[in-house]
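A.B. asks: One structure follows; several queries about it will come next.
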Amino acid sequence: MSVTHSFRLEKYEEFFQIQQIMTDFQNTTGLTALLMDQDGEPMTEASHQKICREFHKKKPGSREHCRNSNRKMMTLAKESTEETLEYQKCANGLINVAVPIVVEDERIATLMMGEFFLKEMEEPNRDFFKKQACRYEYDEDAYLESLQEVPILTLEQLADHVSFLRGLTEYVAEMIQGIMRRLEVRQELSAARQQKEVSLQQLKATEDELMDQYEALKAKDDQLRDSRERWVFAIEGSQDGVWDWKLEENKIIITEQWANMLGYKGSEVKDSDRFFAENIHPGDDERIHKIMKRFQNGEFEFHQHEFRMRHKDGTYRWILSRSKVTERCGKGKPLRITGTHTDVTSWREGINRLIATRKQLRFVLEGSGAGIWKWDLVNKTVYLDHGSRKILEISKEIITTDEWNEKIHPSIRREVLKEDEESVLKEVSYQNEILMQAADGTPFWVRVCGEPIHRDDQGKLVAFSGIITDITEEKNLEKAIEYQKQIFDSFFQQSPDGIVHLTDKMVIKNVNQPFSKLFGYGKEECIGKKIDDLIVLPEQLEEAERIRKLADRLQNLEVETIRYTKSRKGVPVIIRGGSILIDGKVAGYQATYKDISGQKEKEDQLKRALKETVNSFAKLSEKRDMYIYGHQQRVAQLAMAIGKNLGLSENTLEGLWIAAILHDIGKIMIPSEILSKPSKLTPLEFEFIKTHPQNAYEVLIDIDFEWPIAEMILQHHEKLDGSGYPQGLKDTQILMGAKILIVADVVEAISSHRPYRPALGTEEALKEIQAYSGIKYEPRVVEACVHLFCKEGFFFQD
7 MSVTHSFRLE KYEEFFQIQQ IMTDFQNTTG LTALLMDQDG EPMTEASHQK
57 ICREFHKKKP GSREHCRNSN RKMMTLAKES TEETLEYQKC ANGLINVAVP
107 IVVEDERIAT LMMGEFFLKE MEEPNRDFFK KQACRYEYDE DAYLESLQEV
157 PILTLEQLAD HVSFLRGLTE YVAEMIQGIM RRLEVRQELS AARQQKEVSL
207 QQLKATEDEL MDQYEALKAK DDQLRDSRER WVFAIEGSQD GVWDWKLEEN
257 KIIITEQWAN MLGYKGSEVK DSDRFFAENI HPGDDERIHK IMKRFQNGEF
307 EFHQHEFRMR HKDGTYRWIL SRSKVTERCG KGKPLRITGT HTDVTSWREG
357 INRLIATRKQ LRFVLEGSGA GIWKWDLVNK TVYLDHGSRK ILEISKEIIT
407 TDEWNEKIHP SIRREVLKED EESVLKEVSY QNEILMQAAD GTPFWVRVCG
457 EPIHRDDQGK LVAFSGIITD ITEEKNLEKA IEYQKQIFDS FFQQSPDGIV
507 HLTDKMVIKN VNQPFSKLFG YGKEECIGKK IDDLIVLPEQ LEEAERIRKL
557 ADRLQNLEVE TIRYTKSRKG VPVIIRGGSI LIDGKVAGYQ ATYKDISGQK
607 EKEDQLKRAL KETVNSFAKL SEKRDMYIYG HQQRVAQLAM AIGKNLGLSE
657 NTLEGLWIAA ILHDIGKIMI PSEILSKPSK LTPLEFEFIK THPQNAYEVL
707 IDIDFEWPIA EMILQHHEKL DGSGYPQGLK DTQILMGAKI LIVADVVEAI
757 SSHRPYRPAL GTEEALKEIQ AYSGIKYEPR VVEACVHLFC KEGFFFQD
């Protein structure tokens, strides 16, 4: 029977098996697999790549490109052979491959695999796809994002997939030939039935012939009954469940084994048709319904399929169903279908485990770059899989042991062969790291693991098998690590600073000589101890914990603090270091301790010199006005107390003290008769007095202080509402130090004696600053000042 152009594969049940295989192929590889008829039209559903599904096939222009590419692939498939690997890039920029399905030298369909890129050809051209997006008005960002999901295959992977497709086409071709043969058998059976009817009419012509036929039929009936009994016995012994469906009555009869298979007794299944409908897996319901419908329509004579049924315990069991039409009416319409159900759950689970194990093994081997070898001791040959051949740069699958030995580097060949001989004699497993040589003489390292696997009938060992792994990079890495370790050890020992390595629990793993010398502990005394137990006082533990938490977040921590020697002498140090991270988790810490005792002594000397210089400047003003020096000292006392109450740092307080001591130094440029005038100043004289902040600023501005001393003194008469002098600054324009100075200045001035009036007292001074709090004076500063006098008993000291 020839295969004609009108043959439609999708009419037959086998078509759904093909559809399922192609769906599984798509799910496994991420590629698109499509069955097309002779006209290039799709026969199966395909899950196209997102870029095709959501873009190429939605716009008329790019959709026409897809159709043209399919037709071109059909032509390419007709010209391809099994020895060639034909593929083509579609107009939309993706690569497709087509394999023809040939039955009796006639091409009836084509399998297409596509929508990918080839790594060996070129990387995806983003500029091409940007132009494509512009041309067809795609959302460029979404289009390019979908481009990232398109698989990129190597030629080797493509060859593997095409090999599978060719195998599938052979399977489909054989399936179609089976269908053809089945149709021929049906025709022969039909002819036989017609012949039988003719024969029966002839038998009815005579009574003798009828009686003979009756006896023959009776004998056959006895044989059939005996055969049925043996069949039932066999079915019961196999634990398969049997069902019998009478279509006209829509009644299904089941055996006890059928019910037992699902955990029930036969008596518990009252309505078998309803029971079947209620317990079939929802995911299989529609598919099985279609199969039964096709049976009823006479499309199937026999069918085998698998589906899931719910067990009494609530789990689902995989069932293998074999069904056959056992009775038809005169017109050939099925009246009765009989079949068996077999629980294949365990078998499927075993197959799935086997498939998973094989995939895992292949993944592990490919991912590790390893290969498998087998050494035939009798024939003195070695089998090499793809991974082994790639490592050894050998194209042959079978090589001689001499060829294997030639790959071993001459410098160690004799030693390796001796070890191999001993392993064979002792019949033991072994693992060796061997220096090999490439075809061009370049040396490389491999790790060879082997074990005895086969013996002959006399028990003699005949084969070894194992794994070979290229460890050249591993060896190079070991050398690099060793080199880095030597560099690190050299730095560790030669560093002038103390270095310590800690575990994640702050336990000392190692210290260098400078660390031992700095803190007075021997190396043995340090290792295994918590560092805080050695060099941190109990009252510093909270600070040490804060530093550790900082180290968890920072890779380059730097902290200045005090740590203590074995004799409990404080040593000022700068701690630099951070956490050691492995896989994103803290595995330990490394820190250096720099002794800054000498630096601190120099800083203290400079501070003392600065303080003496500042006091000398302040005493200059005393020469002009006997009230100024004492006033500045008292203002400095109050300003420092307010600063501490506000929580200013020690460094900030140092700058505040200098500004307070010098805040009226600008008055040395004002005539002494104005400064010590016992009566009220004239407006002109007061204007003269108001120049003293500017005078001080001009004197101090060129001195390189660590703090803005000149600016604080310039602003120490500025007020929040802008009514101050000399610049009329407001609120946020005024430095915090100046806001403290003006409050301290006002309080001291009001509470102390002046040439033009007696002292008014502290109470009057506090009333003044409270009355103008938030108007002229900073509220926080006023609150702190009042608290000092009223709650803490502050008083000025001479």
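Just so we're aligned: the sequence shown equals residues 7 to 804 in our numbering. By construction, the Cβ of each residue, glycine as well, lies at the ideal position given by its N, Cα and C atoms.
Just grab the DSSP bridge partners of TYR783 for me.
C.D. replies: TYR783 is bridged to SER779.
A.B. asks: Mapping the DSSP letters down to three states, classify PHE282 as helix, strand or coil.
C.D. replies: Helix, per DSSP.
A.B. asks: Spatial neighbours of ILE414 within its chain, please: CB distance less than 7 Å, with the 5 preceding and 5 following residues excluded, ordered by chain position.
C.D. replies: Closer than 7 Å at the Cβ level, and outside the excluded window around ILE414, lie VAL422, ILE440, MET442.
A.B. asks: Please determine, among GLY269, SER278, ALA265, ASN33, the residue with the shortest C-alpha to C-alpha distance to ILE258.
C.D. replies: Selected option, being the one with the closest Cα: SER278.
A.B. asks: Under the DSSP definition of a beta bridge, which residues are partnered with PHE22?
C.D. replies: Looking at the DSSP assignment, PHE22 forms no beta bridge with any residue, so it has no partner.
A.B. asks: May I have the straight-line CA-CA distance separating THR406 from ASN385, to the nearest angstrom?
C.D. replies: Spanning the two alpha carbons is a distance of roughly 8 Å.
A.B. asks: On a Cα-Cα basis, can you pick out the residue from GLY46, LEU543, VAL752, PHE802 that is closest to ILE778?
C.D. replies: First, the residue type needs correcting, since residue 778 is Tyr and not Ile in the sequence shown. Measuring from the Cα of TYR778, the nearest candidate turns out to be VAL752.
A.B. asks: Output yes or no for whether 8 Å exceeds the beta carbon distance between LEU253 and LEU171.
C.D. replies: Going by C-beta atoms, LEU253 is not nearer than 8 Å to LEU171.
A.B. asks: Label THR34 either buried or exposed according to how many other C-beta atoms from any shown protein chain fall within 10 Å of its C-beta, with 16 as the threshold for buried.
C.D. replies: The residue is exposed, with fewer than 16 neighbouring Cβ atoms inside 10 Å.
A.B. asks: Does the beta-carbon of TYR778, which I'm using as the reference point, lie nearer than 7 Å to any heavy atom of the ligand MG?
C.D. replies: With respect to the ligand MG, the structure offers nothing, as it holds no ligand at all.
A.B. asks: In three-state DSSP terms, what is THR10?
C.D. replies: Its pLDDT being 46, under 50, THR10 is placed unreliably in this model, and the coordinates cannot settle the point.
A.B. asks: So within the stretch 270–344, which uninterrupted alpha helix (DSSP H) runs reach at least 4 residues, ignoring any that extend past its ends?
C.D. replies: Taking only runs of at least 4 residues, the alpha helix (DSSP H) segments lying wholly in the stretch 270–344 are 278–285, 288–302.
A.B. asks: Give the DSSP-derived three-state secondary structure of HIS637 in the structure shown.
C.D. replies: Helix.
A.B. asks: If you draw a straight line from the alpha carbon of SER429 to that of TYR436, how long is it in whole angstroms?
C.D. replies: Using only the alpha carbons, I get a separation of about 7 Å.
A.B. asks: Would the beta-carbon of ILE756 fall within 8 Å of that of ALA771?
C.D. replies: Yes, the pair counts as a contact, with Cβ atoms nearer than the cut-off.
A.B. asks: Whose C-beta lies closer than 7 Å to the C-beta of LEU174 among residues of the same chain, with five residues either side of it excluded?
C.D. replies: Cβ neighbours of LEU174 beyond the five flanking positions: ILE27, LEU117.
A.B. asks: Helix or strand or just coil, what does DSSP make of LYS257?
C.D. replies: It is a strand residue.
A.B. asks: Using CA atoms only, rank isn't needed, just tell me which of ARG192, GLN55, LEU326, TRP249 is closest to PHE122.
C.D. replies: Among ARG192, GLN55, LEU326, TRP249, the Cα nearest to that of PHE122 is on GLN55.
A.B. asks: Who are LEU117's beta bridge partners in DSSP?
C.D. replies: Paired residue(s): LEU41, VAL105.
A.B. asks: Report the residue from GLY728, PRO785, LEU681 whose alpha carbon sits nearest the alpha carbon of ARG760.
C.D. replies: Nearest option by C-alpha distance: LEU681.
A.B. asks: Kindly list the residues whose CB is nearer than 6 Å to the CB of LEU326, restricted to its own chain and excluding five residues on each side of it in sequence; keep chain order.
C.D. replies: Excluding sequence neighbours, LEU326 sits near GLU312, THR348, VAL350.
A.B. asks: Check the DSSP bridge columns for ARG582 and list the partner residues they point to.
C.D. replies: Partner(s): GLU564, THR598.
A.B. asks: On the three-pair Cβ rule with 8 Å, is the stretch 681–700 touching the stretch 658–667?
C.D. replies: With the cut-off at 8 Å, the stretch 681–700 and the stretch 658–667 do not touch.
A.B. asks: With burial defined as no fewer than 16 other Cβ atoms inside 10 Å of the residue's Cβ, what is the status of PHE450: buried or exposed?
C.D. replies: When all chains shown are included, PHE450 counts as buried.
A.B. asks: Which residues does DSSP pair with CYS455 in a beta bridge?
C.D. replies: According to DSSP, CYS455 bridges with GLN437, ILE473.
A.B. asks: Compute the distance between the beta-carbons of GLU425 and ASN411, then report whether it is under 8 Å.
C.D. replies: Going by C-beta atoms, GLU425 is not nearer than 8 Å to ASN411.
A.B. asks: Figure out for me which residue from LEU766, ASP291, ASP670, GLU784 has the closest Cα to the Cα of GLN639.
C.D. replies: It is ASP670 whose Cα lies nearest to the Cα of GLN639.
A.B. asks: Just grab the DSSP bridge partners of GLU6 for me.
C.D. replies: In this structure the chain extends from 7 to 804, so residue 6 is not present and cannot be described.
A.B. asks: Quick one, are the C-beta atoms of ALA52 and SER75 less than 8 Å apart?
C.D. replies: Their beta carbons are not under 8 Å apart, which means ALA52 does not touch SER75 by this criterion.
A.B. asks: Could you have a look at TYR588 and say whether DSSP puts it in helix, strand or coil?
C.D. replies: Looking at the sequence provided, one finds Ile at residue 588 rather than Tyr. In the structure shown, ILE588 sits in a strand (DSSP, three-state: E or B).
A.B. asks: Could you give the first and the last residue of the continuous alpha helix (DSSP H) run that contains THR407?
C.D. replies: Here the alpha helix (DSSP H) through THR407 covers 407–412.
A.B. asks: Along the chain, where does the beta strand (DSSP E) that runs through LEU508 open and close?
C.D. replies: Looking at the DSSP string, the run of the beta strand (DSSP E) that includes LEU508 is 504–509.
A.B. asks: Excluding five sequence neighbours on each side, which residues of the same chain lie with their C-beta closer than 7 Å to the C-beta of ALA557?
C.D. replies: Closer than 7 Å at the Cβ level, and outside the excluded window around ALA557, lie LEU563, GLY583, GLY584, SER585, TYR595.
A.B. asks: Report the rounded CA-to-CA distance for TRP249 versus ALA362, giving the unit in angstroms.
C.D. replies: For TRP249 and ALA362, the distance between alpha carbons rounds to 34 Å.
A.B. asks: Are the Cβ atoms of LEU124 and LEU164 separated by less than 8 Å?
C.D. replies: Yes; because the gap between Cβ atoms is below 8 Å, this pair is in contact.
A.B. asks: Please classify GLU143 as buried or exposed, where buried requires at least 16 other C-beta atoms within 10 Å of its C-beta.
C.D. replies: That one is exposed.
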